[in-house]
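Shown next, in structure tokens, is the structure this report addresses.
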Amino acid sequence: MIQGRALARRALIAILVAAAPAAALAEPRAGAAPPSREGPAAEPGHTAGASERARLTIEPAGHAFTRLSIENPLGDVKVEGYDGTAIQIESHKFAPDDDSLDRLHISLVPNPDGTVSIKTAVDGGKEVRPVPRAAMRIDLVIRAPRDARVEAEAGSGALEIANLDAGGDLDTASGPIFVRNVQGEVLTHSVSGATRLVQVFGSVDAQTLASDVDLDTISGERLVASVHRGRIEGQRVRARYVELTTTEGRIRLEAEAALRGHLVVSSLFGDVNVQLRRHGAVVVRAKGNKVDLGAPARPQPDGWVESSFGQAADAAAATAALVEIRSPRGNVNFAIIESRP
Amino acid sequence: MTMCDKIRPRLTAYLDGELADEHGSVVRGHLRECPACREMARDEAALRDGLRALAPVDPPAALWAGILARLAAEEVADARKPRWRRHAGRWLRWLRAARFAPTMPQLAAAAVVAVAAIGLLTWRTHRSDDAGHVVVAPPLVHPGHGPAPVPPATQAPAALHGDVTEELLAEPAQTTASYARVIEELMKLAEQDSTGWSAEARAAFNARITGLRDAIARAGQGHPSHLAQSSMIHYLQTALAREDGLLAAGGAQ
Numbered sequence: 001m002i003q004g005r006a007l008a009r010r011a012l013i014a015i016l017v018a019a020a021p022a023a024a025l026a027e028p029r030a031g032a033a034p035p036s037r038e039g040p041a042a043e044p045g046h047t048a049g050a051s052e053r054a055r056l057t058i059e060p061a062g063h064a065f066t067r068l069s070i071e072n073p074l075g076d077v078k079v080e081g082y083d084g085t086a087i088q089i090e091s092h093k094f095a096p097d098d099d100s101l102d103r104l105h106i107s108l109v110p111n112p113d114g115t116v117s118i119k120t121a122v123d124g125g126k127e128v129r130p131v132p133r134a135a136m137r138i139d140l141v142i143r144a145p146r147d148a149r150v151e152a153e154a155g156s157g158a159l160e161i162a163n164l165d166a167g168g169d170l171d172t173a174s175g176p177i178f179v180r181n182v183q184g185e186v187l188t189h190s191v192s193g194a195t196r197l198v199q200v201f202g203s204v205d206a207q208t209l210a211s212d213v214d215l216d217t218i219s220g221e222r223l224v225a226s227v228h229r230g231r232i233e234g235q236r237v238r239a240r241y242v243e244l245t246t247t248e249g250r251i252r253l254e255a256e257a258a259l260r261g262h263l264v265v266s267s268l269f270g271d272v273n274v275q276l277r278r279h280g281a282v283v284v285r286a287k288g289n290k291v292d293l294g295a296p297a298r299p300q301p302d303g304w305v306e307s308s309f310g311q312a313a314d315a316a317a318a319t320a321a322l323v324e325i326r327s328p329r330g331n332v333n334f335a336i337i338e339s340r341p
Numbered sequence: 001m002t003m004c005d006k007i008r009p010r011l012t013a014y015l016d017g018e019l020a021d022e023h024g025s026v027v028r029g030h031l032r033e034c035p036a037c038r039e040m041a042r043d044e045a046a047l048r049d050g051l052r053a054l055a056p057v058d059p060p061a062a063l064w065a066g067i068l069a070r071l072a073a074e075e076v077a078d079a080r081k082p083r084w085r086r087h088a089g090r091w092l093r094w095l096r097a098a099r100f101a102p103t104m105p106q107l108a109a110a111a112v113v114a115v116a117a118i119g120l121l122t123w124r125t126h127r128s129d130d131a132g133h134v135v136v137a138p139p140l141v142h143p144g145h146g147p148a149p150v151p152p153a154t155q156a157p158a159a160l161h162g163d164v165t166e167e168l169l170a171e172p173a174q175t176t177a178s179y180a181r182v183i184e185e186l187m188k189l190a191e192q193d194s195t196g197w198s199a200e201a202r203a204a205f206n207a208r209i210t211g212l213r214d215a216i217a218r219a220g221q222g223h224p225s226h227l228a229q230s231s232m233i234h235y236l237q238t239a240l241a242r243e244d245g246l247l248a249a250g251g252a253q
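Here's what the structure looks like:
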């Protein structure tokens with residue numbers, strides 16, 4: 001039993017939220033509310049069946065939780081940072097009946113390095129009644145310490161993180177991604193889930209294959225976003241290095257040019273529209289099917305045109321921001337919407 | 001290490017249908033030509049079949065608590081051992097197993113203990129070697145229903161036709177295929193554009209593509225593979241939009 005407690009202290013055990021009372025016994029510092037079963041699920045899309053809610057609070061055992069790793073292929077994940085030290089998990093399961101509901105499991109594994117892993121799964125086996133995926137669901141709402149980094153994967157469910165200070169790494173197949181008020185590096189990948197990032201203060205790398213990327217109030221050293229088939233919209237963007245790329249799909253960017261900043265906006269087939277708030281000198285180079293830089297432009301070799309804004313003195317040129325806009329098969333529009341010396 | 005030494009530790013996983021195709025094929029091939037390993041596999045299968053035929057047994061709660069404590073103690077002790085001692089321990093277990101071939105009557109007589117032990121065997125099969133990354137859930141006691149071993153969440157569920165498990169198992173491959181389709185689409189565009197590139201640019205492009213394809217192959221499956229595919233897509237997009245000035249320099253960073 002002593003060794004069992006040592007195991008718990010080292011956090012090498014897993015706790016199933018589905019059996020929360022047992023989990024509370026296994027981990028003395030974990031508090032859990034008994035899961036409550038409900039009648040017909042009230043969730044949209046689940047007109048009949050069973051559902052279960054459970055809550056679990058995990059207190060840190062001697063060291064802070066620094067990383068939260070979540071894999072939920074069965075539904076939504078929402079993580080919100082707060083000023084506490086514990087991790088609070090609320091799960092909501094949906095299934096057509098009680099037997100199917102019992103097949104849904106959530107495991108929680110606190111590791112000694114401060115990482116907490118949360119994974120959802122469905123029991124299989126030949127003895128179970130086949131249930132289509134659309135009828136089974138687990139949604140997770142998690143409150144985590146603000147300075148924990150979140151790494152989350154989902155399938156068709158939505159991923160949302162908010163009010164965190166250590167960034168996140170989010171990956172979905174078709175589910176949407178929403179990031180709000182997050183500091184630190186944010187990485188997002190999705191096949192076809194719309195991606196929206198609002199108030200991110202740190203470097204961003206966002207990629208989707210077939211959906212849109214919306215960026216609002218992004219401020220960091222580096223912003224990279226790429227979309228294969230879909231648009232990119234950015235506003236209130238301020239980063240020293242900005243690189244937005246689409247294959248098919250327009251790009252609209254409203255950004256602030258940093259001193260010595262570098263903005264590269266490229267689309268193979270889509271139109272590109274860039275509006276810039278300028279602090280100091282800016283050099284704009286563009287190439288496209290039809291190019292409008294909003295000012296007289298000097299033709300350059302290989303079809304490029306170039307225009308300069310602000311002081312042309314050598315000192316200013318050394319700190320000038322460089323903007324490169326390309327759309328080999330689309331139109332390019334550029335405008336300065338605010339100028340400061 | 002002989003081929004038998006390599007194959008025998010995998011027999012349980014093979015019989016459980018948990019080995020990937022290529023590993024399963026290796027085990028299957030060895031069993032066709034090795035009578036000793038075939039005999040061992042037959043014994044293991046007989047043990048499993050015999051246990052399945054037994055009526056469900058609910059051991060007393062105290063027994064289960066003892067097993068959990070023993071599992072925990074063994075796990076901690078095992079994790080503290082150097083890697084070579086863990087491997088040596090496995091070989092010794094298999095050597096012992098080879099000398100003792102249990103018969104069905106012996107199995108029946110030991111039914112209660114064996115039912116508990118099968119949980120231990122299953123659990124150990126899925127235990128990680130790295131103490132810092134143990135992610136296996138211990139079986140939990142369901143109040144009023146005796147011990148109910150619950151498969152760990154990290155274990156891939158057995159797929160059932162038309163069931164959620166089938167769709168979940170297929171999902172990573174579908175995502176991989178989506179990324180692969182986009183890569184091929186962009187590669188076709190690159191082939192069309194490359195007619196206008198300089199020889200230097202084409203060579204730089206080809207070298208980079210080879211490196212990115214190698215990275216995808218090395219990444220394996222699932223999320224790491226998707227990240228490697230993403231890198232290749234990003235490079236292709238950037239290279240196509242930026243044209244040969246960047247390609248000559250080795251492509252997008």
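The listed protein sequences correspond, in order, to chains E and U. Numbering follows my numbering, in which position 17 of the first sequence is assigned residue number 17; successive positions increment by one, without gaps. Numbering follows my numbering, in which position 175 of the second sequence is assigned residue number 175; successive positions increment by one, without gaps. In this text, a Cβ means the ideal position worked out from N, Cα and C, and glycines have one as well.
Among the residues of the segment 9-32 of chain U, none has a Cβ less than 7 Å away from any Cβ of chain E. If you look at E/N273, you'll find it isn't in any alpha helix (DSSP H); it sits in the beta strand (DSSP E) that goes V272 to H279. Minimum Cα-Cα distance from E/A258 among the listed residues E/G270, E/A158, E/E221 and E/K290 corresponds to E/E221. Between the alpha carbons of E/P60 and E/P112 lies a gap of roughly 10 Å. At least one CB atom of chain U sits nearer than 7 Å to the CB of E/G124. Distance from the CA of U/V164 to the CA of E/R103, rounded to the nearest whole angstrom, comes to 11 Å.
Straight across, the Cα-Cα distance linking E/A50 with E/L108 is about 23 Å. In the three-state reduction of the DSSP assignment, E/A295 falls in the coil class.
Just so you know, the alpha carbons of U/Y179 and U/Q221 end up roughly 12 Å apart. The residue among E/H228, E/A144 and E/D271 with its C-alpha nearest the C-alpha of E/V191 is E/H228.
Residue environment analysis places E/I337 among the exposed positions, since fewer than 16 neighbouring C-beta atoms fall within 10 angstroms of its C-beta. Taking the Cβ atoms as the reference, E/R236 lies roughly 4 Å from E/T217, within the contact range of under 8 Å. In terms of beta-carbon proximity, U/D49 stays away from the interface with chain E, with every pair separated by 7 Å or more. Residue-level contact by beta carbon fails for U/Q221 and chain E, as no gap is shorter than 7 Å. Cβ contact annotation for E/T188 (same chain, cutoff 6 Å, sequence separation greater than five): L170, I177, T195 and A206, in chain order. Proximity of chain E to U/S230 at the Cβ level (cut-off 8 Å) is accounted for by H189 and Q207, in chain order. Chain E has no Cβ within less than 7 Å of the Cβ of U/A239. DSSP places E/H105 in the strand class (E or B) of the three-state scheme.
For U/L168, the nearest beta carbon of chain E is closer than 7 Å to its own beta carbon.
Taking the beta carbon of U/T165 as reference, the chain E residues within 7 Å of it are V122 and G124, listed in sequence order. Within the model, the alpha-carbon separation for E/R143 versus E/D97 is close to 29 Å. Unbroken alpha helix (DSSP H) runs of no fewer than 4 residues, entirely contained in the segment 202-283 of chain E, are not found. The contact set of E/P132 on chain U, defined by CB atoms closer than 9 Å, consists of G162, D163, V164 and E167 in chain order. For the options E/R55, E/R252 and E/S327, the alpha carbon positioned closest to that of E/S266 is the one of E/S327. Approximately 16 Å separates the beta-carbon atoms of E/E153 and E/G167; this is outside 8 Å, ruling out the contact. For U/S198, the nearest beta carbon of chain E is not closer than 7 Å to its own beta carbon. For the segment 214-231 of chain E, the set of positions with a beta-carbon nearer than 9 Å to some beta-carbon of chain U reads V224, S226, V227, H228 and R229 in chain order. When the Cα atoms are used, E/A286 and E/S307 turn out to be separated by approximately 9 Å. Around E/D171, the beta-carbon contacts reaching into chain U at under 8 Å are H223 and H226. Look at the beta carbons and you see the segment 194-204 of chain U not touching the segment 146-161 of chain E: under three pairs across the two are nearer than 8 Å. Not a single CB atom of chain U sits nearer than 7 Å to the CB of E/G330. For the segment 137-160 of chain E, the set of positions with a beta-carbon nearer than 8 Å to some beta-carbon of chain U reads E153 and G155 in chain order.
In the DSSP assignment, U/T176 falls within the unbroken alpha helix (DSSP H) covering V164 to D193.
Bridge pairing for E/G288: E/S327 [DSSP]. Annotated three-state conformation of U/N206 is helix, per DSSP. By the Cβ neighbour-count rule, E/Q300 is exposed, with fewer than 16 other Cβ atoms within 10 Å of its own.
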